[in-house]
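In our numbering, the protein residues as written are 5 to 394.
Think of the CB as a built atom: it goes at the ideal place given N, C-alpha and C, for glycine as much as any other residue.
The structure under discussion appears below in the form of structure tokens.
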Ligand code: NAD
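If you want it as structure tokens, here you go:
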């Protein structure tokens, strides 16, 4: 149970690039990082507009001389201070992630980077190699993977309660972009422009979330090959897709499907994962995150509730309030940031034993996400043909 006791005897000196006052995701990064006193926000280059970023940083209580105009100045000047930052979070549009992440590692910082880590597998592997060479952590914010019931599913599957895994059915399909809302919304505008978002829209923006939920629940399952079909229903978005279907074959004979969409009218989020085994299935939906459906063939459905004593130790470890009260995205993110801090501290202490058995969305999760999107685009653009994953 998490009750406010710090998991570390220190708080990491932390900065942010992006996540400014007008951003969609900046607040949840701060809320999660600051929740358990594992990070202290001391510096940032919060906004593409330097003045706006400075004013925003000041409003958060960051000292004026540590609100920098850009990430290069942030990393350079913080490195010169005895009390400079030790870790940075990157919450900027996708086209900047690779350069900022690389510069942060080169400046000797641990990194929390938004997905996707970058645009190509080659770049992702370069970041993974640099992270290892510098002994610095890269954490990737696949937010809901920190939810306790995702960890519960992982435990139940590992225990064999589902039997042999046959099918993984995933979706992240909302309806918010059924029209060209990007004409009026800057946060959506860059998402449908290849200059900022790279080779894909919903595959990179949405699909990698349930994909990582599957990786978390089923760490042994490896994708062998996949096939993708993608569409641009709002024509001005072409060649970027606002809808896609992906079929996957795993190395144990199991199969998977993933539907991602921004034009699923009426759907709020639609992030779901259903894992089907030879004996039973598990199903989790982000709009009702405190319930996990456990369906044994031939028996009544069981709804497992978050925070209850019958859950696996792994799922109770990060309980913050007990059952009944809802916990959701903010708590899941807080659990991730808590884990990022523990991993960063262990890395600084050279504690390899802790790191070997410690779960968090790490740089390898980031690499897989980038490689998966790359393969999906390759498949779709070749007319929805099967392509090998590796
Ligand atoms: P946004 O457009 O709403 O905000 C981007 C922010 O970055 C703004 O404050 C902008 O001023 C700032 N910025 C842009 N370029 C910058 C630069 N070079 N230096 C400093 N600041 C800069 O975007 P968003 O929706 O908040 O998305 C940001 C990132 O977060 C994207 O990579 C997106 O994919 C990701 N995201 C992740 C999740 C998740 O669940 N993990 C959810 C939403 C967004």
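query                                                                                                         : result
Alpha-carbon to alpha-carbon, residue 165 and residue 299                                                     : 10 Å
Endpoints, the alpha helix (DSSP H) within which residue 191 is located                                       : 190 to 193
From 36, 350, 371, residue whose alpha carbon lies closest to that of residue 148                             : 36
Beta-carbon proximity check, residue 371 vs residue 129, cutoff 8 Å                                           : yes
For residue 67 and residue 77, the rounded distance between their alpha carbons                               : 15 Å
Three CB pairs or more closer than 8 Å across the segment 135 to 150 and the segment 364 to 383               : yes
Distance between beta carbons of residue 232 and residue 248, contact taken as under 8 Å                      : 6 Å
Residue 30 and residue 95 closer than 8 Å at C-beta                                                           : yes
First through last residue of the alpha helix (DSSP H) which encompasses residue 232                          : Where residue 232 is concerned, there is no enclosing alpha helix (DSSP H), although the beta strand (DSSP E) it sits in stretches over 227 to 235.
Inter-stretch contact (C-beta, 8 Å, three-pair minimum) for the segment 273 to 289 and the segment 171 to 178 : yes
Heavy atom of the ligand NAD within 7 Å of residue 298 beta-carbon                                            : no
Close Cβ partners of residue 212 (< 6 Å) along its chain, the five nearest in sequence each way excluded      : 119, 373
Beta-carbon gap between residue 415 and residue 158 smaller than 8 Å                                          : Nothing about residue 415 can be reported from this structure: the residues present for the chain run from 5 to 394 only.
Continuous beta strand (DSSP E) stretch holding residue 306: start and end                                    : 306 to 309
Check whether residue 22 and residue 60 have beta carbons under 8 Å apart                                     : no
For residue 17, the three-state DSSP class (helix, strand or coil)                                            : strand
Residue span of the beta strand (DSSP E) that contains residue 260, given as start and end                    : 259 to 265
Residue 276 beta carbon near the ligand NAD (any heavy atom closer than 7 Å)                                  : no
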